[in-house]
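Asks: All letters in the sequence shown, in the order written, are residues -22 to -1, 1 to 528 by mature numbering (1 follows the signal peptide of the UniProt record, and there is no 0). For each residue, glycine too, the CB sits at the ideal point set by N, CA and C. Please find one structure pasted underneath; my questions will follow.
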Amino acid sequence: MKPWSSLLIALHLAAPPLAGQAVQITEMMVDPTPVVGLPDAEYVEVYNAGNEAVDLSQLAISSGGRAVTAGAGESPLEAGEYAVLVREEYVQDFTRLGARAVALRLPPLANNGDEITLLLGADTVQHIRYTPAWYNDTDRDGGGYSLAYTGSGAGDCGGNWRASTHPDGGTPGRENEVYGQRADQQPPRPQTWEITEHGFTITFDEPVAGPVYFTVADLPLAGATEDGHTYHLAFPVERGQIYRLTVLADYADCAGNYADRDQVLELLLADDPAPGDLVINEILFDPAPGGSEFVEVVNVSSSAIDLNGLQLHNRNSAHRPKVIDRTHLLPAGGYVVFTPDRQDLLQRFSGVDSGRVVEMPLPSLPDAGGNITLSGADDRVLESVDYHPDYHNPLLSTVSGVSLERLGFHLAADVADHWSSASRESGFGTPTRPNSQAYAGTLPSSFHLAALSPTVSPDGDGFEDEYLLHYRADAPGYLANLHVFALSGRRVVAPHAASLLGTTGELSWDGRADDGTRVAPGPYVVVVELFTADGRAHQHKSVAVVAESR
């Protein structure tokens, strides 16, 4: 089948039946226990909203079975009058409350949802399919409170019902105290979504009235069906591929609440990750004062992975593993960072992809050294790292707030030389980004340093505002001093002092002196001193020309 650049799938629900035009159901007690203040009995309240009396001998009610009637002998239900339909043994209890109680063999009403049909003679005047969601009140949906119609909109729409707020738990035989109140003010939202090799199943938190549209980019349409508020989208699915399913805005529930924005759902049919699919790539075990630890994981496999159910733990500790308890789809080559304080991480480090940060408790990460292990839901070890503060660059005066970076995905995690401190230029950490000390392929045979332009014009116009020296290191772990001298030999400024470099990056001078003032126009000598912990040292000199101000 020819692939499409985009698919539009429309599913429709049949229009709901109209509520009864004359007599209608206005209150139901389907779960009377625990008793709040009314008799311990189920009841259905009806109201004559018409202009003429209704013969109650013609009124019948059913709930999944044969319809039952009140029989002869009942006086008509006058216009504007309420009646409470109850079993005969409870008639006196409701009469004492001042309600008009009508005896009939009321069918049992299920607490967790049921259907009720109201008939007048041979005509169905109302059909209700209620659920516990109709209470629209989590404080009153556990029993003892009636379901009360608010009087706005269709009577078979759950958004127009809510739990009674009366102190007795209901108002049988009189106007509901919630009359005129709008119960449901939220549009339907996707509640659950599932994926199989045959397609997707999307279930909303309430039924959608009218059409709802979905788009799936670049996928062939295999078919679509609907069943209530659950939608089935059938088309072939490939394992290991993340699908972005968009639910387009402007669909509504029966109460007229419209969704005003698209919603994008990510779905993945994934295999369990195997050892080698995920690598621990960066660890901040000794955060700055007031800061939070983090662990970065990278998917180095060729397929997307669902991290739900994976575990982080310290193999040297007896504490229980910390379980990733939510779906997080990590594409091939994707980064994810786990931290107990997401906001702190976003504030302390630059360039963080907030969508790749998962807030969750971490296992103990002692400053003096320890272990971090990533395991599958089946406890199989996927990656394990024993870290130590000695893995940091020994030339650093402090490692507090400095993360440990892995030098390459392909390098073994249990070798100290395969780790180094994050560079100063990166902010001493690169969560959700490529590591500052990582290198791909072959490193150059020597340290390369070159000016991008010989001139600097610090006037704030965005053109050559800084003198930039681009570098590419022959090894991780270089520290750099940068000094600027006038031609007389007088030192003007030292913008970099023992700055830990990455494997690539830039050193800069903004054309200003130590006191922050702009230096005089003319040439200046820029000296870069490079040194490593193993004794290597280099010096590089260049000339920067400060342009005349305009």
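Can you tell me the Cβ-Cβ gap for L323 and T317, rounded? I've got them flagged as a contact below 8 Å.
Replies: About 5 Å; that satisfies the 8 Å criterion.
Asks: Are the beta-carbon atoms of S353 and N371 separated by less than 9 Å?
Replies: Not a contact, by the Cβ cut-off of 9 Å.
Asks: Quick one: Cα of V504 to Cα of A515, how far?
Replies: In a straight line, the C-alpha of V504 is about 17 Å away from that of A515.
Asks: Check for me: the beta strand (DSSP E) holding F509 runs from which residue to which?
Replies: 500 to 509 is the extent of the beta strand (DSSP E) around F509.
Asks: Just to confirm before moving on: does the CB-CB distance between S477 and L485 stay below 9 Å?
Replies: Contact flag set, yes.
Asks: Mind checking which residues open and close the beta strand (DSSP E) that includes R450?
Replies: Segment 445 to 450, the beta strand (DSSP E) holding R450.
Asks: With a Cβ-Cβ cutoff of 9 Å, do L125 and Q2 count as a contact?
Replies: Contact flag unset, no.
Asks: Within the continuous beta strand (DSSP E) that includes Q325, where are the two ends?
Replies: Unbroken run through Q325 is the alpha helix (DSSP H), 320 to 326; no beta strand (DSSP E).
Asks: Can you check DSSP and say which residues form a bridge with E5?
Replies: Answer is E23, A126, bridged to E5.
Asks: Which residues does DSSP list as the beta-bridge partners of F272?
Replies: For F272, which the question treats as bridged, DSSP gives the partners L262.
Asks: Do the CB positions of A248 and A282 come within less than 9 Å of each other?
Replies: The answer is yes: Cβ separation under 9 Å.
Asks: Mind checking S328: buried by the 16 CB within 10 Å criterion, or exposed?
Replies: S328 should be labelled exposed.
Asks: For H516, which beta-bridge partners are listed by DSSP?
Replies: Its beta-bridge partners are L508.
Asks: Hey, would you say L446 sits closer than 9 Å to A429, going by beta carbons?
Replies: Against a cut-off of 9 Å, the Cβ pair of A429 and L446 comes out as a contact.
Asks: Which value, in whole angstroms, describes the spacing of the CA atoms of V521 and P341?
Replies: Looking at the two C-alpha atoms, the distance is approximately 51 Å.
Asks: Where A45 and Q70 are concerned, what is the direct C-alpha to C-alpha distance, given to the nearest angstrom?
Replies: Approximately 23 Å between the Cα atoms of the pair.
Asks: Is the beta carbon of V186 closer than 9 Å to that of Y157?
Replies: Result no, Cβ atoms of Y157 and V186 do not sit closer than 9 Å.
Asks: Go through its chain and collect everything with a Cβ distance to V377's Cβ below 7 Å, but skip five positions before and after it.
Replies: The answer, listed in chain order, is D264, P367, H370, S399.
Asks: Give me the Cβ distance between I261 and A391, rounded to the nearest whole Å; I'm assuming they're in contact under 8 Å.
Replies: Contact doesn't hold; Cβ gap of about 10 Å is too wide.
Asks: Nearest chain B C-beta to V523 closer than 9 Å, yes or no?
Replies: Structure shown: chain B not included; a single protein chain is present.
Asks: How should S431 be labelled, buried or exposed, when 16 other C-beta atoms within 10 angstroms of its C-beta is the threshold for buried?
Replies: Exposed, by the Cβ-count rule.
Asks: So which of S35, Y502, V215 has the shortest CA-CA distance to R463?
Replies: According to the sequence shown, residue 463 is Phe rather than Arg. Nearest of S35, Y502, V215 to F463, Cα basis: Y502.
Asks: What are the residues that DSSP puts in a beta bridge with F213?
Replies: None; F213 has no bridge partner.
Asks: Give the straight-line distance between the Cα atoms of V336 and R468, rounded to the nearest whole angstrom.
Replies: Roughly 51 Å between the two C-alpha positions.
Asks: Three-state secondary structure (DSSP) at A111?
Replies: Helix at A111.
Asks: Whose CA, out of G120, Y123, G147, A111, lies closest to the CA of C135?
Replies: The shortest Cα separation from C135 among G120, Y123, G147, A111 belongs to A111.
Asks: Are the segment 270 to 277 and the segment 217 to 236 touching, with three or more C-beta to C-beta distances below 8 Å?
Replies: Too few Cβ pairs lie closer than 8 Å, so no.
Asks: Report yes or no: do the segment 14 to 22 and the segment 64 to 83 share at least 3 C-beta pairs separated by less than 8 Å?
Replies: As far as the Cβ criterion goes, the segment 14 to 22 touches the segment 64 to 83, which means the pair count is three or higher.
Asks: Hey, would you say G234 sits closer than 9 Å to G131, going by beta carbons?
Replies: It is a contact, given that the beta carbons lie within the stated cut-off.
Asks: Compute every distance between the C-beta of G254 and the non-hydrogen atoms of the ligand ZN, then say whether any falls below 8 Å.
Replies: Ligands are entirely absent from the displayed structure, and the ligand ZN is therefore not among its contents.
Asks: Taking all protein chains shown into account, do 16 or more other C-beta atoms lie within 10 angstroms of the C-beta of Q517, making it buried, or fewer, making it exposed?
Replies: Q517 should be labelled exposed.
Asks: From the DSSP output, in three-state form, read off L140 for me.
Replies: Sequence inspection shows Arg at residue 140; the Leu mentioned does not correspond to that position. Strand.
Asks: Following the continuous alpha helix (DSSP H) through Q70, name the residue where it begins and the one where it ends.
Replies: Element bounds for Q70: 69 to 73.
Asks: Between the Cα of D119 and those of R140, N286, V103, R107, spot the shortest distance and give me the residue it belongs to.
Replies: Measuring from the Cα of D119, the nearest candidate turns out to be R140.
Asks: Mapping the DSSP letters down to three states, classify P(-20) as helix, strand or coil.
Replies: In this predicted model, P(-20) has a pLDDT of only 34, less than 50, meaning its place in the structure is not dependable enough to derive any value.
Asks: Check the C-beta distance from residue 530 over to D238 and give it rounded, since I have them as a contact under 8 Å.
Replies: No answer is possible for residue 530: it lies beyond the span of the chain, which begins at -22 and ends at 528.
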